[in-house]
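Engineer: Before anything else, here's the structure in question.
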Amino acid sequence: GRVDRGHVVRARDQLQHLVHVHEPPVLSLGVEVLREEGDVLVVNKPCSLPVHPSGRYRRNTVLGVLAKERGMHGLFNVHRLDRVTSGVLMLAKHRTAALRLTQAFKEGRARKRYLARVRGRIPEREVEVRARIECESKTGAIWRVGGGGKEAVTVVRELVYDEELGSSLVLCEPKTGRTHQIRLHLKHLGTPIVDDPLYNPSPSPTHPPYRGAGLDPTLNLEANNWTEPWCPTCQEAAAASAAGYYMRQKQHNDESFCMGICLHALSLTLDAAALPHEATFAAPLPAWAAEMLGGDAEALLGV
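Right, here's the structure in full:
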């Protein structure tokens, strides 16, 4: 049990150290299973949720939510999406499948297509961006286009331009898989993602910062009795739960306070060497893309 500060430690006493932490809130959007086929699971990853435990996130992750809500334990990620990105995510059910699928991604046998809403217009209707990417700040997980970095290639095609908003909806197909590649290449073209807090000098807020955060009982520690009466954050969570969030309003314009950006992994195609047969997996359109596409989605995207 607990002892007071004046307790003298004696031989054979056992010490136990407990750490009480709070994970950042995530949007209460759930993880939709798009397809389950053999040793592969494909889901629609919501923005705000990292794929696997890292940094300050442990339970509020795609793997954590699938384990708790669907009893799917022991899944392996074979590629990744940024925490603030939504869309198609493939997972493997066992290590052998994970190795096979990871190799397919490394060898460029996976075709990935993304939607992004950007500021302004790209120089031509379709542009191939060849610009190397290097790390700028490991502590801040920030990257940049630089001659000393790794080769990176992205094909960008304009789908819709909204003159009134001064923004475009573009389709991006990365030919390589560098960290933040699409975000950096769009910035390199002079058309950054409209609400990207890292690579847009003046991002436009398009997502309510804490919509639904803190309320989903499957995603947050507070609802699972991981609370302590002496913790100010626990008290704040209980008092503010009806408001829909338990974090204070956004203070800084950085990715740690960002719930999502207008970047969506639309589809993923793998060849017959990675799967029993070539297959394409597609995620539903997010609202910001559907609004710009209107009734032309099928004709423009072919999905």
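Residue numbers (the numbering used here): 110 to 412. Every residue gets a Cβ at the ideal spot worked out from N, C-alpha and C, and that includes glycine. The structure presented is a predicted model; accordingly, all values stated were derived computationally and were not measured.
#1: Do the segment 196-214 and the segment 152-159 touch if we need at least three Cβ pairs shorter than 8 Å?
#2: Please report how far the alpha carbon of K296 lies from the alpha carbon of R239, in whole angstroms.
#3: Kindly indicate the opening and closing residues of the alpha helix (DSSP H) around R266.
#4: For W252, which three-state DSSP category applies?
#5: With a threshold of 7 Å on Cβ separation, who are the neighbours of A396 within its own chain once the five nearest residues in sequence on each side are excluded?
#6: Could you tell me which whole alpha helix (DSSP H) segments of length 4 or greater appear in the segment 135-188?
#7: Quick check on P395: does DSSP put it in helix, strand or coil?
#8: Could you check whether T285 and A261 sit closer than 9 Å to each other, using their CB atoms as the reference points?
#9: Grab me the residues of L175's own chain with a C-beta within less than 7 Å of its C-beta, minus the 5 sequence neighbours each way, in chain order.
#10: Along the chain, where does the beta strand (DSSP E) containing A219 start, and where does it finish?
#11: So is A382 buried or exposed if we call it buried at 16+ other beta carbons inside 10 Å?
#12: Looking only at C-alpha atoms, which of H116, G369, A374 sits nearest to L124?
#13: For V227, which residues in the same chain have their Cβ closer than 7 Å to its Cβ, ignoring the five residues on either side in sequence?
#14: Is the segment 220-234 in contact with the segment 366-385, if contact means three or more CB pairs nearer than 8 Å?
#15: Is the beta carbon of Y308 less than 9 Å from the beta carbon of L293?
#16: Taking the C-alpha atoms as reference points, what is the distance between L208 and A398?
#17: Suppose the cutoff is 6 Å on Cβ atoms and the five residues either side in sequence are ignored; what does the same chain contact list for D380 look like?
#18: Check whether the Cβ atoms of L136 and G369 lie closer than 9 Å to each other.
#19: If you follow the beta strand (DSSP E) that T378 is in, where does it begin and where does it stop?
#20: How should R204 be labelled, buried or exposed, when 16 other C-beta atoms within 10 angstroms of its C-beta is the threshold for buried?
Structural biologist: For this structure:
#1: yes
#2: Taking the first residue of the sequence shown as 1, we reach residue 296 at position 187. Taking the first residue of the sequence shown as 1, we reach residue 239 at position 130. Rounded to the nearest angstrom, the two C-alpha atoms are 13 Å apart.
#3: Taking the first residue of the sequence shown as position 1, residue 266 is located at position 157. Not the alpha helix (DSSP H): R266 falls in the beta strand (DSSP E), residues 262-271.
#4: Numbered from its first residue, the sequence shown carries residue 252 at position 143. Looking at W252 - three-state DSSP - the assignment turns out to be strand.
#5: Within the sequence shown, the letter at position 287 stands for residue 396. Closer than 7 Å at Cβ, skipping near neighbours: no residue.
#6: 171-179
#7: What you label residue 395 is simply residue 286 of the sequence shown in a count that begins at 1. Of the three classes helix, strand and coil, the one that applies to P395 here is coil, per DSSP.
#8: Here the question's residue 261 lines up with position 152 in the sequence shown. Here the question's residue 285 lines up with position 176 in the sequence shown. Yes.
#9: For the purposes of this step, residue 175 is taken as the residue at position 66 of the sequence shown. Closer than 7 Å at Cβ, skipping near neighbours: V140, M181, L184.
#10: Here residue 219 is taken as the residue at index 110 of the sequence shown, counted from 1. Start and end: 219-228.
#11: Translated into positions along the sequence shown, residue 382 becomes position 273. It counts as exposed.
#12: Numbered from 1 along the sequence shown, position 15 holds the residue referred to as residue 124. The shortest Cα separation from L124 among H116, G369, A374 belongs to H116.
#13: Position 118 of the sequence shown, counting from 1, holds the residue named residue 227. Once the five neighbours on either side are set aside, the close Cβ partners of V227 are S276, S277, V279, L295, T300, P301, I302, V303.
#14: yes
#15: One-based indexing of the sequence shown puts residue 308 at position 199. One-based indexing of the sequence shown puts residue 293 at position 184. Contact: yes.
#16: In the sequence shown, counting from the first residue as 1, residue 208 sits at position 99. In the sequence shown, counting from the first residue as 1, residue 398 sits at position 289. Whole-angstrom Cα-Cα distance: 33 Å.
#17: Counting from one through the sequence shown, the residue named residue 380 turns up at place 271. Taken in chain order, the residues that qualify are R218, E387.
#18: Along the sequence shown, read from residue 1 onward, the residue named residue 136 stands at position 27. Along the sequence shown, read from residue 1 onward, the residue named residue 369 stands at position 260. Contact: yes.
#19: Reading the sequence shown from its first residue, position 269 is the one you call residue 378. Looking at the DSSP string, the run of the beta strand (DSSP E) that includes T378 is 372-379.
#20: Start at 1 with the first residue of the sequence shown, and residue 204 comes out as number 95. It is exposed - the Cβ of R204 has fewer than 16 other Cβ atoms within 10 Å.
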